[in-house]
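Counted the way my numbering counts, the sequence shown spans residues 2 to 245.
Each residue gets a CB set at the ideal place from its N, CA and C atoms; glycine is no exception.
Worksheet: one structure, shown below.
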Amino acid sequence: MDTLRQQFRSDDDASPLYVRMQVATLQPPATGPLEHGWYEREIVVDLRPDEKELLAGFRPNARNSIRRARKEGVEVRSIPQEEWIEVFRTELFPILQETAERDAFQSFDSSYYETFLTQLSGYAGLLVAYSEGKATSWLITTQYRGHAVYYFAGSTLDARRTFAPYLLLWEAFRALKAAGATSCGLTGIVSENYPQLINVTTFKRNFSKNVVTIPTTYDIPLHPLRYRALAAVLDARRKRSSRG
């Protein structure tokens, strides 16, 4: 942490108030955080078994939902890289907006995800589930050095009716495994600081029992006095908001 502070303090082009770092054991100079910025627990799926064994390791609900999605005629397509931005902007971002409104979270605007896809084009994948020719569910994955991550996703209410997210994630596992991935992290699940992740936790637990604990993200102030002043202001605002 001291090295990190020295690096930022010696850079004339960057002068943040604080930087964030995942710290296994809380100790100075780490503190806070002002707000939690990363999940603390996730489910990781082992992709090394063959497909039959991998599928058998899912909960019965997941296996049944995959079969039901196929019966409903759900089709999963891997979108060609040259079409990513247009497809995301026109077909998939509206689905994300619907998902965010339904599940009460705040998404970024479309340009954030478009930049993500552009800058990580060599490591990312975009899969979409279609019902009767219309996109109803999608996901973005990344893969690096054999480890994959199920990064972003969105789905409509119709996708839930046809069980599309289950088939979509299964096909993502198959594609990642074929490309050489040995594991896939499903990102955050419910924890003390993230109780709002309970709904996605129920879905993700269908695919693996392997829960991994990740060090909590803390703030490392580069300007301690200013940081404490800001922390006091934010704390006062939260208290007023909770009383209101």
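Query, Result
"Cβ neighbours of residue 99 in the same chain (closer than 7 Å, five flanking residues each side left out)", "157"
"For residue 58, the nearest candidate out of 207, 220, 222 (CA to CA)", "207"
"For residue 122, three-class secondary structure by DSSP", "coil"
"Sub-7 Å separation of residue 132 and residue 75 beta-carbons", "yes"
"Segments assigned alpha helix (DSSP H), at least 4 residues, entirely inside the region 2 to 84", "3 to 10, 52 to 57, 61 to 72"
"Separation of residue 136 from residue 260, as counted between CA atoms", "The chain is shown only over 2 to 245; residue 260 falls outside these bounds and no answer can be derived."
"Contact check, residue 18 vs residue 227, beta carbons under 7 Å", "yes"
"Proximity below 7 Å, CB of residue 186 to CB of residue 212", "no"
"Beta strand (DSSP E) runs wholly inside the region 99 to 168, at least 3 long, in chain order", "125 to 132, 135 to 145, 148 to 156"
"Neighbourhood of residue 205 by C-beta, 7 Å cutoff - its chain only, sequence neighbours within 5 removed", "44, 187, 190"
"Alpha carbon of residue 10 to alpha carbon of residue 223, nearest angstrom", "7 Å"
"Integer Cβ distance of residue 47 from residue 184, believed to fall under 8 Å", "6 Å"
"Simplified DSSP assignment, three categories, for residue 225", "helix"
"Closest by C-alpha distance to residue 72, when choosing among 79, 32, 210, 165", "165"
"DSSP three-state assignment for residue 212, whether helix, strand or coil", "strand"
"Integer Cβ distance of residue 78 from residue 129, believed to fall under 8 Å", "5 Å"
"CB contact flag (residue 108, residue 97, <7 Å)", "yes"
"Nearest candidate by alpha-carbon position, reference residue 33, set 209, 194, 201, 200", "194"
"Residues that DSSP places opposite residue 220 in a beta bridge", "21, 32"
"Boundaries of the alpha helix (DSSP H) in which residue 203 is found, first to last residue", "199 to 205"
"7 Å Cβ shell around residue 160 - same chain, five flanking residues per side excluded", "130, 137, 138, 166"
"Same chain only: Cβ atoms within 6 Å of residue 22, ignoring 5 sequence neighbours per side", "221"
"Among 210, 119, 236, 41, nearest to residue 55 - alpha-carbon criterion", "210"
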